[in-house]
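Report on the structure given below.
Protein chains: 2
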Amino acid sequence: MNYEELFAQTALNSWKLVLDGLEKTFASLSDDDLQKEVAPGRNRIYYLLGHLTAVHDRLLPMLFLGERLHPELDEPFLTSPDRAHPDPVAATELRSAWSAVNGKLAEGFATLAAEDWLKRHTAVSEEDFAREPHRNRLAVLLSRTAHAAFHSGQIVLALERK
Amino acid sequence: MNYEELFAQTALNSWKLVLDGLEKTFASLSDDDLQKEVAPGRNRIYYLLGHLTAVHDRLLPMLFLGERLHPELDEPFLTSPDRAHPDPVAATELRSAWSAVNGKLAEGFATLAAEDWLKRHTAVSEEDFAREPHRNRLAVLLSRTAHAAFHSGQIVLALERK
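Quick mapping for you: the protein sequence lines, in order, are chains H and A. For the first sequence, position 162 matches number 162 in this note's numbering, and the numbering has no gaps at all. For the second sequence, position 148 matches number 310 in this note's numbering, and the numbering has no gaps at all.
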């Protein structure tokens, strides 16, 4: 494995570690548990599951990995705060969407060559990217890894109150 | 900047983004605010500040960047849970330790060549590293970035209750 491949593999491992932790947490929770808030008056785990699914779904077109699977999750889980609407999706469906989105991402990541990670993503223009090459796909992956870890830290607070 | 350098720079940016966020949060909090819990009965921000400082301090020898600055923080902030002892360090000192440790890390990171990130760290033996080259310094940096983001997600919960 050359430098580029090892570097890309190490970054992907870090994404997988955080996702595996979340996966294990969600699997340990009943649909009723998903209704728990991470702290009094704050987001429910249900909302964070939808939020993370929507954010990860948006990575598909952003990283040129295909069409989105669940654009309908943006309005309730990205644009709106928790409890702005009656729950739009049953917990079972939300769990399926979460698995499908992360599965499609994993398949897409497996098709990328190491050097692809330093290429442009769709949220930056070709002109801007020429000036700012650090706004690459790897930066997006690492940012979403930190984002997933951020909410993971919140979710465990509810978990230990089960 | 060549491929290797851009890869390393992108990973370092992700560390810096998470640290800058924490830095801004800690700066916005008074010493009294640090006594707030992230959720009822859970860790105080004071404890998480000490915990993050101890974890980052351990990176210095682990990544061959020099001696530790604050090994005395391990017992109260890593080995023991919050409130196991009377607070061992005043908030002002803890803030200084946090800045000094992250400052020394930033200086150390600046001395590393891009390819150094794929080298062995001190928590893995040379024999194990020969078999498992993904247990490199980059993996440690990304793991600590996720760790900092994890606790950052908890700290903001207390912040918004200010």
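Every residue, glycine too, gets a C-beta built ideally from N, C-alpha and C.
Taking 8 angstroms as the upper bound on Cβ-Cβ separation, chain A lies near residues V38, A39, P40, R42 of the region 37–60 of chain H. For E234 (chain A), there is no enclosing alpha helix (DSSP H), as DSSP marks it with neither H nor E. Bounds of any alpha helix (DSSP H) do not take in R135 (chain H), whose DSSP letter is neither H nor E. In this structure, R306 (chain A) sits away from R282 (chain A), with a CB-CB distance that is not shorter than 9 angstroms.
Of the candidates A:V180, A:A170, A:L174, A:V180 places its Cα closest to the Cα of S314 (chain A). For Q197 (chain A), there are no C-beta contacts with chain H under 8 angstroms, since the nearest C-beta of that chain is about 16 angstroms from it. The beta carbon of A8 (chain H) lies closer than 8 angstroms to those of L112, A114, W117, L138 in the same chain, with the five residues before and after it left out.
For P295 (chain A), the C-beta contacts it makes with chain H under 8 angstroms involve M1, L6, in order along the chain.
Taking 8 angstroms as the upper bound for CB-CB distance, L231 (chain A) and A262 (chain A) are in contact here, some 6 angstroms apart. Under a criterion of Cβ atoms nearer than 8 angstroms, the residues of chain H adjacent to T172 (chain A) are, in order, L118, H134, N136, L138, A139, L142. Each of H:V55, H:V124, H:E126, H:A97 was checked against the Cα of D74 (chain H), and the nearest Cα belongs to H:V55.
Counting the other CB atoms within 10 Å of its CB gives N102 (chain H) a total of 16 or more, which places it among the buried residues. DSSP places E23 (chain H) inside the alpha helix (DSSP H), whose first and last residues are 3–28.
Under the rule that a run must span 3 or more residues, no beta strand (DSSP E) segment is found entirely inside the region 255–285 of chain A. E234 (chain A) and R135 (chain H) have their alpha carbons spaced roughly 39 angstroms apart. Here the C-alpha atom of K266 (chain A) lies approximately 36 angstroms from the C-alpha atom of H51 (chain H). Cβ atoms of M62 (chain H) and T122 (chain H) come within 8 angstroms of each other, at about 5 angstroms.
Nearest in C-alpha terms to W177 (chain A), of all of A:H309, A:A320, A:A259, A:N205, is A:H309.
Proximity to N43 (chain H) across H:T10, H:N2, H:S30, H:L78 peaks at H:L78, based on C-alpha coordinates.
Of the residues assessed, P81 (chain H) falls on the exposed side of the cut-off, its CB having fewer than 16 other CB atoms within 10 angstroms. Note on geometry: alpha-carbon atoms of A130 (chain H) and V124 (chain H) lie some 10 angstroms from one another.
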